[in-house]
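S.K.: At position 101 of the sequence shown the residue is numbered 101 (full-length UniProt numbering), and the sequence of numbers has no breaks.
Note that the Cβ used here is the ideal one computed from N, Cα and C, for glycine as well.
Predicted model only: the values in this text are computed from it and were never measured.
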Amino acid sequence: MFSESTQPLVSPRPDVATSSPSASEQQPWSPRATTDGPSRPSGTDASSGVPFPSTSEINIAKDGRCLFRSIVVATDPVLQTCQRLNGQPVDPVLRLKEQAAADSLRSQLMLHIWDQIDEHAEYMVEDALNADMPRHLRFQTLNDRVFAMAAPTAMVGEFEISQTSKMLERPIIILDRRGSTLKYGSGFAHVSPVYLIYTAFGDNAGHYDCVLPPQGSTVELSNPSSKKRQKDRRTSAEELTASPYKRKLEEKAYQRKKNATRMTIPTNSRKRTTKKTTENTKLAETETEGNWHCNLCGEWSLEDMICCRSCKRWAHTACAGTTRSCYNCSSMDAERFWYSVSGTSIPGLLTYSPPYKESKI
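1. Give the single residue among I173, P171, Y208, L96 whose Cα lies nearest to the Cα of F68.
2. Given residue 364, which residues of its chain have a CB within under 8 Å of its CB, disregarding the five upstream and five downstream residues?
3. Compute the Euclidean distance between the alpha carbons of R177 and F147, then round it to the nearest angstrom.
4. Reducing DSSP to helix, strand and coil, say where M305 ends up.
5. Which residue marks the beginning of the beta strand (DSSP E) containing T181, and which one marks its end?
6. Determine, using beta carbons only, whether A74 and V211 come nearer to each other than 9 Å.
7. So, for A128: in the same chain, excluding its five sequence neighbours on each side, which residues have a beta-carbon less than 7 Å away from its beta-carbon?
8. If you follow the beta strand (DSSP E) that C210 is in, where does it begin and where does it stop?
9. Would you kindly work out how many angstroms separate the C-alpha atoms of I173 and D144, rounded to a whole number?
10. For the UniProt domain "OTU" (55 to 214), which segments carrying the beta strand (DSSP E) assignment without a break, of at least 3 residues, lie completely within its bounds, in sequence order?
11. With a cut-off of 8 Å on the beta carbons, I'd call C308 and A315 a contact; round off their distance for me.
12. If you run the structure through DSSP and keep just helix, strand and coil, what is C294?
13. Leaving out five residues before and five after L94 in sequence, what residues of the same chain have Cβ atoms less than 6 Å from its Cβ?
14. Please check the pair D63 and T153, which I expect to be a contact at CB under 8 Å, by giving their CB distance rounded to whole angstroms.
15. Which term fits V78, buried or exposed, when burial requires 16 or more other beta carbons within 10 angstroms of its beta carbon?
16. For D118, I'd like the list of residues in its chain whose CB is within less than 7 Å of its CB, leaving aside the five on either flank, ordered along the chain.
17. Going by C-alpha to C-alpha distance, which of S310, H120, E57, A101 sits closest to Q163?
18. Could you spell out the range, first to last residue, of the alpha helix (DSSP H) harbouring C319?
19. Excluding sequence positions up to five away, which residues of its chain have a Cβ less than 6 Å from the Cβ of T199?
20. Verify whether the separation of the beta carbon atoms of D103 and R65 is less than 9 Å.
21. Compute the Euclidean distance between the alpha carbons of P193 and S186, then round it to the nearest angstrom.
22. Do I113 and E169 have their C-beta atoms within less than 9 Å of each other?
23. Distance, Cα to Cα, I197 vs S70?
24. Exposed or buried, which one is D76 when buried takes at least 16 other CB atoms within 10 Å?
25. Leaving aside the five residues before and after R135 along the sequence, list all residues of the same chain whose C-beta is less than 7 Å from its C-beta, in chain order.
26. Roughly how many whole angstroms lie between the Cα atoms of K97 and D115?
27. In whole angstroms, what separates the C-alpha of A260 from that of K248?
28. Give a yes or no on whether the C-beta atoms belonging to Y195 and S165 are separated by under 9 Å.
29. Which of the three DSSP states, helix, strand or coil, is assigned to Y254?
30. How should V125 be labelled, buried or exposed, when 16 other C-beta atoms within 10 angstroms of its C-beta is the threshold for buried?
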């Protein structure tokens, strides 16, 4: 029943100060609507029971976008109060804004229908698919109709209007000039509706104009993407708090946190550092006099002496060249060292050789 059709542009409204059009451009407009006051008294339509608010109409251009243009104007106070000529804003910036917003709304609607195309089994029959279309438009499948409706100036029908109401989650009320009223989106009664007025041209073709809500109030155009994000957040929260997989999800979150903490620890800090300790050995005063004799330099001393593991003889740490608590030597090494220092052999070294075994260390 409801569709859009490209028609000659209507004459400018009398309440807008513009240049007077020629007689050929003037067309009858009954009832003539203005944005300064109501054009329809308040009441109730007997056919649908939907109350008629005190409305004021805004003429919309007849370029195939009239449905989406009307919805955009109904949600934008700037487009409602601007000067209009032939159904379009006089300001070129606002004119482009209105057209771009209408095309964007159509694109969102086509994507919405395409994502849920499997849920519209009742429109798979050809008779139901073309019931609200003119005779010269016939579609074989719902896919063909969606592709055709994607064109910026394509005519739309009742199916697209109902899907627009579902996408925006807002009622859309169509006031027909023939006296009937149709309401789409009755499940969103808590939201202020969008009012449109329809003029029929015959053969399921017609034109939509914008109707302002009572007292000049405006309605906000909801953003489907933002509502989808909010729904995803609620779904994630419910899954985490009420799902039987709660423990599994918590374990995964803990493992991710643990892995992230492990990656932040520097590699060097994981290595164990060992400190080399030096033991200073001091001879006790009770040691025998023979142990005080340095096996390398031949001097007598009680301090800084270390014992050889092999021959059990004592030597200064400076003479042995080490600071450890013990060292390992041989008689030949001691003799060579003494010979390099004094040029002679160590007294008694060759005649006295205590029994010892050579260390394997």
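M.R.: Answer, in terms of the structure:
1. The residue you call residue 68 lines up with position 68 of the sequence shown. Y208 is the residue among I173, P171, Y208, L96 whose C-alpha sits nearest the C-alpha of F68.
2. Here the chain has residues from 1 to 361 only, and residue 364 is not among them.
3. By one-based count along the sequence shown, residue 177 stands at place 177. By one-based count along the sequence shown, residue 147 stands at place 147. If you draw a straight line from the Cα of R177 to the Cα of F147, it is about 30 Å long.
4. The sequence position of residue 305 within the sequence shown is 305, counting from 1. Strand at M305.
5. As a working note, residue 181 is residue 181 in the sequence shown. Segment 181 to 184, the beta strand (DSSP E) holding T181.
6. Within the sequence shown, numbered from 1, the residue matching residue 74 stands at position 74. Within the sequence shown, numbered from 1, the residue matching residue 211 stands at position 211. Closer than 9 Å, so yes.
7. The count along the sequence shown starts at 1 and reaches residue 128 at position 128. Closer than 7 Å at the Cβ level, and outside the excluded window around A128, lie E122.
8. Counting from one through the sequence shown, the residue named residue 210 turns up at place 210. Unbroken beta strand (DSSP E) run through C210: 205 to 211.
9. Within the sequence shown, numbered from 1, the residue matching residue 173 stands at position 173. Within the sequence shown, numbered from 1, the residue matching residue 144 stands at position 144. Whole-angstrom Cα-Cα distance: 27 Å.
10. Secondary structure remark: continuous beta strand (DSSP E) runs of at least 3 residues inside the UniProt domain "OTU" (55 to 214), in chain order: 172 to 176, 181 to 184, 194 to 202, 205 to 211.
11. Here residue 308 corresponds to residue number 308 of the sequence shown, with the count starting at 1. Here residue 315 corresponds to residue number 315 of the sequence shown, with the count starting at 1. The distance from the Cβ of C308 to that of A315 is about 7 Å, consistent with a contact at the 8 Å cut-off.
12. Along the sequence shown, one-based indexing puts residue 294 at 294. It is a strand residue.
13. Working through the sequence shown from its first residue, we reach residue 94 at position 94. Correct list, in chain order: C82.
14. In the sequence shown, residue 63 corresponds to position 63, counting from 1. In the sequence shown, residue 153 corresponds to position 153, counting from 1. Contact holds; Cβ gap of about 6 Å.
15. Mapped onto the sequence shown, residue 78 falls at position 78. With fewer than 16 other Cβ atoms from the protein chains shown falling within 10 Å of its own Cβ, V78 counts as exposed.
16. Mapped onto the sequence shown, residue 118 falls at position 118. Counting only residues of its own chain and dropping the five nearest sequence neighbours on each side, D118 has no CB closer than 7 Å to any other CB.
17. Residue mapping note: residue 163 aligns to position 163 of the sequence shown, counting from 1. Measuring C-alpha to C-alpha distances from Q163 to each of S310, H120, E57, A101 identifies H120 as the nearest.
18. In the sequence shown, residue 319 corresponds to position 319, counting from 1. Here the alpha helix (DSSP H) through C319 covers 317 to 320.
19. On the sequence shown, residue 199 is found 199 positions in, with the first residue counted as 1. Sequence-distant Cβ neighbours of T199 in its own chain, meaning closer than 6 Å and more than five residues away, are R177, G206, H207.
20. Locating residue 103 in the sequence shown gives position 103, counting from the first residue. Locating residue 65 in the sequence shown gives position 65, counting from the first residue. In this structure, D103 lies near R65, with their beta-carbon atoms less than 9 Å apart.
21. Start at 1 with the first residue of the sequence shown, and residue 193 comes out as number 193. Start at 1 with the first residue of the sequence shown, and residue 186 comes out as number 186. Roughly 10 Å separates the two Cα atoms.
22. As a position in the sequence shown, residue 113 is number 113, starting the count at 1. As a position in the sequence shown, residue 169 is number 169, starting the count at 1. Cβ atoms of I113 and E169: not closer than 9 Å.
23. In the sequence shown, residue 197 corresponds to position 197, counting from 1. In the sequence shown, residue 70 corresponds to position 70, counting from 1. Cα to Cα, I197 sits roughly 9 Å from S70.
24. Indexing the sequence shown from 1 puts residue 76 at position 76. D76 is buried by the Cβ-count criterion.
25. Within the sequence shown, residue 135 is the residue found at index 135, counting from 1. The answer, listed in chain order, is D203.
26. What you label residue 97 is simply residue 97 of the sequence shown in a count that begins at 1. What you label residue 115 is simply residue 115 of the sequence shown in a count that begins at 1. K97 and D115: Cα-Cα distance of roughly 27 Å.
27. Residue mapping note: residue 260 aligns to position 260 of the sequence shown, counting from 1. Residue mapping note: residue 248 aligns to position 248 of the sequence shown, counting from 1. Spanning the two alpha carbons is a distance of roughly 18 Å.
28. As a working mapping, residue 195 is identified with position 195 in the sequence shown. As a working mapping, residue 165 is identified with position 165 in the sequence shown. It is not a contact, given that the beta carbons lie outside the stated cut-off.
29. Taking the first residue of the sequence shown as position 1, residue 254 is located at position 254. Here DSSP, grouped into helix, strand and coil, assigns Y254 to helix.
30. Walking along the sequence shown from the start, residue 125 turns up at place 125. Exposed.
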